[in-house]
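Here the structure comes first, spelled out in structure tokens, and everything after it is commentary.
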Amino acid sequence: MGVLAGLLLVGGVLLYGLGYTLVSSFSAGTAADGVHSSAHADDDPGQRRDAIAAAPMATVAQDAGLTPGVAIALPTAIRLPAATTAGVSGVPSGFPRTPEGAAAQLAAIEVRVLSAMSLPLATEVYRDWAMPGGVGAADWSQTRNVQSFLTHARQSSNQLDPGTLVSVTPAAIQIKGTDGHDWVLACVLLAVRAALKAEARMGYGTCERMQWTGARWLIGPGTPPAPAPSTWPGSDASVEAGWQPVASN
Numbered sequence: 005m006g007v008l009a010g011l012l013l014v015g016g017v018l019l020y021g022l023g024y025t026l027v028s029s030f031s032a033g034t035a036a037d038g039v040h041s042s043a044h045a046d047d048d049p050g051q052r053r054d055a056i057a058a059a060p061m062a063t064v065a066q067d068a069g070l071t072p073g074v075a076i077a078l079p080t081a082i083r084l085p086a087a088t089t090a091g092v093s094g095v096p097s098g099f100p101r102t103p104e105g106a107a108a109q110l111a112a113i114e115v116r117v118l119s120a121m122s123l124p125l126a127t128e129v130y131r132d133w134a135m136p137g138g139v140g141a142a143d144w145s146q147t148r149n150v151q152s153f154l155t156h157a158r159q160s161s162n163q164l165d166p167g168t169l170v171s172v173t174p175a176a177i178q179i180k181g182t183d184g185h186d187w188v189l190a191c192v193l194l195a196v197r198a199a200l201k202a203e204a205r206m207g208y209g210t211c212e213r214m215q216w217t218g219a220r221w222l223i224g225p226g227t228p229p230a231p232a233p234s235t236w237p238g239s240d241a242s243v244e245a246g247w248q249p250v251a252s253n
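The numbers in this note's numbering rise by one with no breaks, and the one at position 168 of the sequence shown is 172.
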């Protein structure tokens with residue numbers, strides 16, 4: 005009973021796993037041009053691109069992504085190119101070979117992953133949409149975001165529970181830098197909405213001696229077994245504790 009006493013009702017929208025930055029205004033291309041112009045043509049391409057990637061971006065308050073606000077003036081809106089084909093893993097594709105096309109493809113990838121909030125899908129999307137030499141699916145930022153969301157939203161498995169809804173749409177982009185026509189450091193600001201039932205969940209482990217009576221199993225006599233580990237179902241701790249998942253019917 006002591007373990008179950010910790011079960012509290014919670015509600016609301018949990019976005020702890022989706023850190024995103026809101027910038028009220030920016031000068032498109034300013035930071036990118038600065039980084040790009042400082043790179044010489046004879047520089048090593050890897051170093052040049054690393055420099056673009058490592059260049060700092062705007063610093064904002066930690067809760068900026070969660071604080072509502074309306075800007076007095078907004079930059080001119082850009083229309084992202086539309087997809088022309090259905091890609092693998094359910095990700096739209098066929099965007100043009102332009103910086104805006106790169107941003108649109110990135111948005112399509114992230115919308116697909118974050119809307120589904122499924123760790124198996126995140127792994128699949130990374131496998132299908134990332135070149136070799138990256139961080140790998142397990143350490144990809146969006147995989148981590150999905151994992152964190154599922155944990156803080158107290159979902160029962162490695163994907164969204166029925167009744168939990170997530171909506172993701174691209175709200176803004178930045179082209180941080182380019183290196184020729186085939187490499188773009190694209191940035192996408194996503195508008196994320198999540199709706200959860202006001203319901204708490206937990207994992208509770210219990211053990212009993214079970215004895216066959218000739219017709220059925222009953223709880224057997226004797227000293228109660230040692231307490232079972234209580235872990236969140238489907239978590240790393242659950243696996244390490246030796247729990248084997250039960251397949252759904």
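Where is the CB? At the ideal position from N, CA and C, for every residue including glycine.
Same chain only: Cβ atoms within 6 Å of residue i, ignoring 5 sequence neighbours per side
i: I82; result: none
i: Y130; result: A141, W144
i: A195; result: T173, A175
i: L193; result: A175, A176
i: D48; result: none
Residue environment, residue i, which counts as buried when at least 16 other CB atoms sit within 10 Å
i: M121; result: buried
i: Q51; result: exposed
i: G137; result: exposed
i: G10; result: Residue placement at G10 is flagged as unreliable, the pLDDT there being 34, under the threshold of 50; the coordinate-derived value follows with that caveat. Answer is exposed; the Cβ neighbour count stays below 16.
i: M214; result: Bear in mind that the predicted position of M214 carries a pLDDT of just 45, short of 50, making it unreliable; the figure below should be weighed with that in mind. The residue is exposed, with fewer than 16 neighbouring Cβ atoms inside 10 Å.
i: L78; result: exposed
i: V139; result: exposed
DSSP bridge partner residues for residue i (one or two, in chain order)
i: V192; result: I177
i: R197; result: S171
i: A90; result: P96
i: T182; result: V188
i: Q163; result: S122
Identity of the residue in the options nearest residue i by Cα
i: L118; options: V139, G181, R148; result: R148
i: P100; options: L84, V115, E114, L164; result: L84
i: R197; options: A62, I177, L169, H185; result: L169
i: T80; options: D48, Q178, P166; result: Q178
i: D165; options: D54, C191, A199, A62; result: A199
i: D240; options: A62, D48, Q151, R53; result: Q151
i: C191; options: D48, G184, P49, P60; result: P60
Sequence-distant residues of its chain with Cβ nearer than 8 Å to residue i (five each side left out)
i: S97; result: A87, T88, T89, A90, G91, Q109, A112
i: Q163; result: A120, M121, S122, L123, P124, L125, L154
Proximal residues to residue i (C-beta, below 7 Å), its chain only, five neighbours per side dropped
i: V95; result: A112, I113, R116, V129, W133
i: R53; result: D183, W187
Segment contact flag, the region 111–127 with the region 144–154, C-beta cutoff 8 Å, min 3 pairs: yes
Sufficient close CB pairs (3 or more, under 8 Å) joining the region 97–104 to the region 164–174: With a cut-off of 8 Å on Cβ pairs, the region 97–104 is not in contact with the region 164–174, counting fewer than three such pairs.
The region 87–98 / the region 156–164 touching (three or more Cβ pairs under 8 Å): No, because fewer than three Cβ pairs between the region 87–98 and the region 156–164 fall closer than 8 Å, the two stretches do not touch.
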